[in-house]
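Single-structure report; data block below.
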Amino acid sequence: MARDAETPRTDRSNLSRRAWITTASGVVAAGLIRTQSDAIRLSAQEAPRADPTKVPGRFVSPVGSRAPAEQPRRLLRTEALSSSSRTPLDQLMGTITPADLHFERHHGGVPDIRVEDHELLVHGMVERPMVFTMSDIMRYPRVSRIRFLECSGNGGGVYSRDRMPTEITVQQLDGLLSTSEWTGVPVSTILREVGVRPGASWILAEGSDSAVMSRSVPLEKVMDDALLAFGQNGEMIRPEQGYPLRLFLPGFEGNTSVKWLRRIEVTDAPTHTRDETSKYTDPLGDGTVRQFSLAMDAKSVITFPSYPYVLPDRGWWEIRGLAWSGRGRVARVDVSTDGGRNWVAAELQGPILPKSTVRFRHLFEWNGRDTLLMSRVTDETGYVQPTVEQLWEARGPSTSYHQNHQRAWKLARTGEVTFGLGELV
Amino acid sequence: MRCRALACAVLVGVTACGTGESSVPLMSGTPDAMMLAGTAGDLPANAPARFDFGRRASDDRIALWDIDVRPDGAGLPPGRGSVAEGRAVYDVHCVACHGPTGTEGPNDQLVNSEQWDLYPTGRAVGNYWPYATTLYDYIRKAMPQLTPGILSHDQVYAVVAYVLYMNEIVPEDAVMDAQTLPAVVMPARDKFVVDDRIGGSGPVR
Numbered sequence: 001m002a003r004d005a006e007t008p009r010t011d012r013s014n015l016s017r018r019a020w021i022t023t024a025s026g027v028v029a030a031g032l033i034r035t036q037s038d039a040i041r042l043s044a045q046e047a048p049r050a051d052p053t054k055v056p057g058r059f060v061s062p063v064g065s066r067a068p069a070e071q072p073r074r075l076l077r078t079e080a081l082s083s084s085s086r087t088p089l090d091q092l093m094g095t096i097t098p099a100d101l102h103f104e105r106h107h108g109g110v111p112d113i114r115v116e117d118h119e120l121l122v123h124g125m126v127e128r129p130m131v132f133t134m135s136d137i138m139r140y141p142r143v144s145r146i147r148f149l150e151c152s153g154n155g156g157g158v159y160s161r162d163r164m165p166t167e168i169t170v171q172q173l174d175g176l177l178s179t180s181e182w183t184g185v186p187v188s189t190i191l192r193e194v195g196v197r198p199g200a201s202w203i204l205a206e207g208s209d210s211a212v213m214s215r216s217v218p219l220e221k222v223m224d225d226a227l228l229a230f231g232q233n234g235e236m237i238r239p240e241q242g243y244p245l246r247l248f249l250p251g252f253e254g255n256t257s258v259k260w261l262r263r264i265e266v267t268d269a270p271t272h273t274r275d276e277t278s279k280y281t282d283p284l285g286d287g288t289v290r291q292f293s294l295a296m297d298a299k300s301v302i303t304f305p306s307y308p309y310v311l312p313d314r315g316w317w318e319i320r321g322l323a324w325s326g327r328g329r330v331a332r333v334d335v336s337t338d339g340g341r342n343w344v345a346a347e348l349q350g351p352i353l354p355k356s357t358v359r360f361r362h363l364f365e366w367n368g369r370d371t372l373l374m375s376r377v378t379d380e381t382g383y384v385q386p387t388v389e390q391l392w393e394a395r396g397p398s399t400s401y402h403q404n405h406q407r408a409w410k411l412a413r414t415g416e417v418t419f420g421l422g423e424l425v
Numbered sequence: 001m002r003c004r005a006l007a008c009a010v011l012v013g014v015t016a017c018g019t020g021e022s023s024v025p026l027m028s029g030t031p032d033a034m035m036l037a038g039t040a041g042d043l044p045a046n047a048p049a050r051f052d053f054g055r056r057a058s059d060d061r062i063a064l065w066d067i068d069v070r071p072d073g074a075g076l077p078p079g080r081g082s083v084a085e086g087r088a089v090y091d092v093h094c095v096a097c098h099g100p101t102g103t104e105g106p107n108d109q110l111v112n113s114e115q116w117d118l119y120p121t122g123r124a125v126g127n128y129w130p131y132a133t134t135l136y137d138y139i140r141k142a143m144p145q146l147t148p149g150i151l152s153h154d155q156v157y158a159v160v161a162y163v164l165y166m167n168e169i170v171p172e173d174a175v176m177d178a179q180t181l182p183a184v185v186m187p188a189r190d191k192f193v194v195d196d197r198i199g200g201s202g203p204v205r
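Chains as they are written, first to last, in the numbering used here: chain W, 1 to 425; chain F, 1 to 205.
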């Protein structure tokens, strides 16, 4: 059932379902009277709750909308220029995120840009510095790729030893993750046009938002799989995702996929902008600060059951979740229904694409006792999603990004589900 | 899907050809080799050497947008500003968000002179930022938040000087310009190390 995501759900939707059926039956009774020639005497429980076959439907429309009862919402952090909103992962199916629910992270608000005004300057260590209009860029040969995008700050709420929450939703916890089919022109195509000079090793990508957000990216990555993206799930990219043009770096921390891209400078060194020095860096607890931690390590999260769902009875339930890796394909996902003592391979829903989310599922028969549900992904490099203790050991207490450790949900005998990592540490 | 070898550069830890769906074995190529070969990963086989869409960028157009500043001082404009001048700029343009002493907020804490061994408390300029030039780059582009770009070159130099002074990094009589700013050595500079995570089954990093 839908909910207002701007306030985290605290009602018990599943428990209220029985009451809803009763109410609906009353509506059906009226419908049967109107179609009396077809009517059969049914008990109130057997009677259909509604009969849409006796009323002409609505006409075609130029643009669709969701069913009124389905109103998924992003969860806003604050209404501010530099803020974020999170994708309702627990309400989505498969892997593709509807574009209007793709998470946001802005540093200077969402600029209003007219597509006919937007231009990309490519200069620096190149033979031919060029300016491209959107018409120019969209004339180049295109590619489309299904890839995830994740903010490297995702999951930061469940890293502190001292403050491990229990009443936290998947959306609050890991909602800075979305997956889209991105369409655009490989940046390598454009760099081929301008002719990169020998000795170049980085680029600076710069946005045309009011923060002029900019990041340095290794040229190797750019040549490998970077896109100048203007398409998202079949339509022009949404303003919140960088309309009309963004850099898209598959598998890299979201901040590097610079939105509203207006400039690429080819350089021989990183620029050390604020967002790669003061922000998006990782003090490791040993006197050093890790910089340019760009790739997103493999991660998985169970999206159902999760807080605040309530399982109304024991028996067969399907555990569902998402797994992904910024270093390639998901190789396997293991699920534990006993707090990590035993693990069993989950079903993976293909196609399994590199640097994309994968839907995993595991059917289990709940015996009605308290337990902890966990997932653990392994990617094709052999990397296994670490435990939080492993991350604490490797990185200390002070990092704010790349917190991809295993999550756990506590399933209580009441059927109530809460975040359960605190039970394990 | 096709995956041309030279376009499949190996970034540390990137194990698959990122452009395609195929499982082509790792191929390595230096950036120079890629450039000289003029390859691009996803072009159709009949693509011309150049399309020539777009137009040449004039020097003026480049100058208009090429406003980034690097640690060696590249990109710093002419101008200068003193700590005293910076205090005046700060009290008008910065104090509402960063507080009278750069510690009160509500937005980012600017001032923190702690010396730390294992990890810092907060991410302020004095205890965390590795390069003073980043202050110029960022303030010029993004500050003040509600009126970005309103400050003159001299005013940016001045407020950079003042923020560095508040962090006890430059003396009260300091003047920042294109020569003095890149020479400022930030306390945390040598603490920054490049990412060593590489994926795989080795130790968690």
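Positions of the beta carbon are idealized from the N, C-alpha and C atoms, including for glycine.
Annotation for glycine 340/W: Met374 place their beta carbon closer than 6 Å to its own, counting only its chain and skipping 5 residues before and after. Cβ-Cβ distances below 6 Å link valine 384/W to Thr378 in the same chain, with the five nearest sequence neighbours on each side left out; the list follows chain order. Counting along the chain, leucine 411/W sits inside no alpha helix (DSSP H); it lies in the beta strand (DSSP E) bounded by residues 408–411. Excluding sequence positions up to five before and after valine 115/W, its CB lies within less than 7 Å of the CB of Met134, Pro244, all in the same chain and listed in chain order. Nearest Cα to threonine 381/W within the set Leu176/W, Val330/W, Val170/W: Val330/W.
Taking the Cα positions, phenylalanine 103/W is about 14 Å away from glutamate 79/W. For the segment 132–162 of chain W, the beta-carbon criterion of a distance under 9 Å to any beta-carbon of chain F is satisfied by Phe132, Thr133, Ser135, Asp136, Ile137, Arg139, Tyr140, Pro141, Arg142, Val143, Arg145. Straight across, the Cα-Cα distance linking lysine 221/W with leucine 249/W is about 8 Å.
Within chain F, the residues placing a beta-carbon under 8 Å from that of histidine 123/W are Ala57, Ile62, Asp66, ordered along the chain. Shown in chain order are the members of the segment 116–146 of chain F whose Cβ falls below 7 Å from a Cβ of chain W: Asp117, Leu118, Tyr119, Pro120, Arg123, Tyr128, Trp129, Pro130, Tyr131, Thr134, Asp137, Tyr138, Lys141, Ala142, Gln145. Scanning Arg61/F, Leu43/F, Gly86/F, Phe192/F for the CA closest to the CA of alanine 174/F turns up Gly86/F. Near chain F, meaning a CB-to-CB distance below 8 Å, no residue of the segment 170–185 of chain W qualifies. In chain order, Ile146 place their CB closer than 6 Å to the CB of leucine 353/W, counting only its own chain and leaving out the 5 sequence neighbours on each side. Exposure of serine 113/F is indicated by the presence of fewer than 16 other C-beta atoms within 10 angstroms of its C-beta. At a beta-carbon threshold of 8 Å, the residues of chain W lying near serine 201/F are Thr381, Gly382, Tyr383, Val384, ordered along the chain.
Residues of the segment 279–306 of chain W with a C-beta less than 9 Å from any C-beta of chain F: Lys279, Thr281, Asp282, Pro283, Leu284, Gly285, Asp286, Gly287, Thr288, Val289, Arg290, Gln291, Phe292, Ser293, Leu294, Ala295, Asp297, Ala298, listed in chain order.
In this structure, threonine 169/W lies away from isoleucine 96/W, with their beta-carbon atoms at least 8 Å apart.
The beta carbon of glutamate 265/W falls within 8 Å of a beta carbon belonging to chain F, placing the residue at that interface. Residue ranges of uninterrupted beta strand (DSSP E) with 3 or more members, entirely inside the segment 285–352 of chain W and ordered along the chain, are 289–291, 299–304, 315–324, 330–336, 347–349.
A direct Cα-Cα distance of roughly 23 Å separates alanine 49/F from glutamate 119/W.
Residue contact check for glycine 54/F against chain W: a CB pair falls below 8 Å. When the Cα atoms are used, glycine 242/W and alanine 226/W turn out to be separated by approximately 15 Å. Chain W places a beta carbon closer than 8 Å to that of arginine 205/F, counting this residue as a contact. Residues are counted here when their Cβ sits less than 9 Å from a Cβ of chain W; for the segment 87–112 of chain F these are Asn107, Asp108, given in chain order.
The segment 123–137 of chain F makes contact with the segment 181–195 of chain F: 3 or more CB pairs, one atom from each, lie closer than 8 Å. Aspartate 286/W has its alpha-carbon roughly 42 Å from the corresponding atom of leucine 64/F. Residue pairing by DSSP places glutamate 150/W opposite Leu177/W, Glu253/W in a beta bridge. About 4 Å separates the Cβ atoms of tyrosine 119/F and proline 283/W, confirming a contact at the 8 Å cut-off.
Neighbours of alanine 47/F across chain W, judged by C-beta separation under 7 Å: Pro141. Leucine 43/F belongs to the set of residues whose beta carbon lies under 8 Å from a beta carbon in chain W. When 8 Å is used as the limit between beta carbons, proline 129/W is near these residues of chain F: Arg56, Ala57, Ile62, in chain order. For arginine 359/W, none of the residues of chain F pass the 7 Å Cβ criterion, the least Cβ distance being about 18 Å. Assignment of threonine 381/W by DSSP, reduced to helix, strand and coil, places it in the coil class. Around the beta carbon of aspartate 196/F, fewer than 16 other beta carbons sit within 10 angstroms, so the residue counts as exposed.
In this chain, the alpha helix (DSSP H) harbouring leucine 421/W covers 421–424. By the Cβ neighbour-count rule, aspartate 117/W is exposed, with fewer than 16 other Cβ atoms within 10 Å of its own.
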